[in-house]
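K.L.:
Sending over a structure as structure tokens; questions will come in a sec.
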Amino acid sequence: MRTKVHIQNLKCGGCKNTVINRLSKVKNISDVEVNEKECTVSFDYHTNHDFEAAKHLLSRIGYPIVGSENKLKTKAQSYVSCAIGKVNK
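Using the numbering used here, the first residue of the sequence shown is number -3, and each one after it goes up by one.
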């Protein structure tokens, strides 16, 4: 199945890199694409459990799905993830 979700805290190419790299490592998640302008992530997954794992990871690295809680800690984590994404380009 394919999904497209809107995420929070996506700011730049570093963020995009981090999201693609981290989601691509999740079992049964593939073909990850990020649209910076729309703040969306699209990916293929097999089961609802896989989707939930991806959603949890996005939140953990600082990019929760729109509608999810976006605490100060999550926003701060997005800046760390962004910096890592810039270094790992």
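Note that beta-carbon positions come from the ideal geometry of N, C-alpha and C, so glycine has one too.
Closer than 6 angstroms by C-beta to HIS2: which residues in its own chain qualify, once you throw out the five before and the five after it? Chain order, please.
P.N.:
Cβ neighbours of HIS2 beyond the five flanking positions: CYS35, THR36, VAL62.
K.L.:
Would GLN4 pass as a contact of TYR59 if the rule is Cβ separation under 8 angstroms?
P.N.:
yes
K.L.:
Rounding to the nearest angstrom, what Cα-Cα distance links SER153 and THR70 in this structure?
P.N.:
In this structure the chain extends from -3 to 85, so residue 153 is not present and cannot be described.
K.L.:
Pairing CB atoms from the region 12 to 22 with CB atoms from the region 74 to 81, are three or more of them under 8 angstroms?
P.N.:
The region 12 to 22, when compared against the region 74 to 81, does touch it at the 8 angstroms Cβ threshold.
K.L.:
Applying the 10 Å Cβ sphere with the 16-neighbour rule, what's the burial state of ALA72?
P.N.:
exposed
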